[in-house]
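A.B. asks:
This is the structure in structure tokens:
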């Protein structure tokens, strides 16, 4: 019986912690900001690979919004790729400087 009371008491506290965590996750879900640091147009790929189909091009020094990051094909020593926010496609992090934290996909 005593064990049941502990669980019942911990239940609301755990629920509050989960709610608090979910609230913080929602608050930080806005897209990250970045800047294309390539001197030529940056190819936007369908997947996080240099062998993937090109779906667009970003201009040099263009500001971009980034949804998340993942590991992909190596590009000049960097295997991180960013998913563009609001547009289909991925860009190599080698050519994009992120100004705010980019969450993992």
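Numbering (the UniProt record's numbering), first residue to last: 1 to 105. Note that beta-carbon positions come from the ideal geometry of N, C-alpha and C, so glycine has one too.
Residue 89: buried (16+ other C-beta within 10 angstroms of its C-beta) or exposed?
C.D. replies: buried
A.B. asks: Sorted by chain position, which residues of the same chain lie with C-beta nearer than 7 Å to residue 76's C-beta, five sequence neighbours on each side aside?
C.D. replies: 94
A.B. asks: Going by the CB atoms, is the gap between residue 61 and residue 36 shorter than 8 Å?
C.D. replies: yes
A.B. asks: Specify the secondary structure class of residue 82 as computed by DSSP and reduced to three states.
C.D. replies: strand
A.B. asks: Compare the Cα-Cα distances from residue 68 to each of 55, 57, 54, 84 and report the closest residue.
C.D. replies: Looking from the CA of residue 68, the closest CA among 55, 57, 54, 84 belongs to 84.
A.B. asks: List the endpoints of the continuous beta strand (DSSP E) containing residue 63.
C.D. replies: 63 to 75
A.B. asks: Could you check whether residue 42 and residue 57 sit closer than 8 Å to each other, using their CB atoms as the reference points?
C.D. replies: Yes. Within cutoff.
A.B. asks: Just confirm the distance between the C-beta atoms of residue 96 and residue 64, as a whole number of angstroms; I'd bet it's less than 8 Å.
C.D. replies: 6 Å
A.B. asks: Within the continuous beta strand (DSSP E) that includes residue 43, where are the two ends?
C.D. replies: 42 to 45
A.B. asks: Is it buried or exposed, residue 82, if we count other Cβ atoms within 10 angstroms and call 16 or more buried?
C.D. replies: buried
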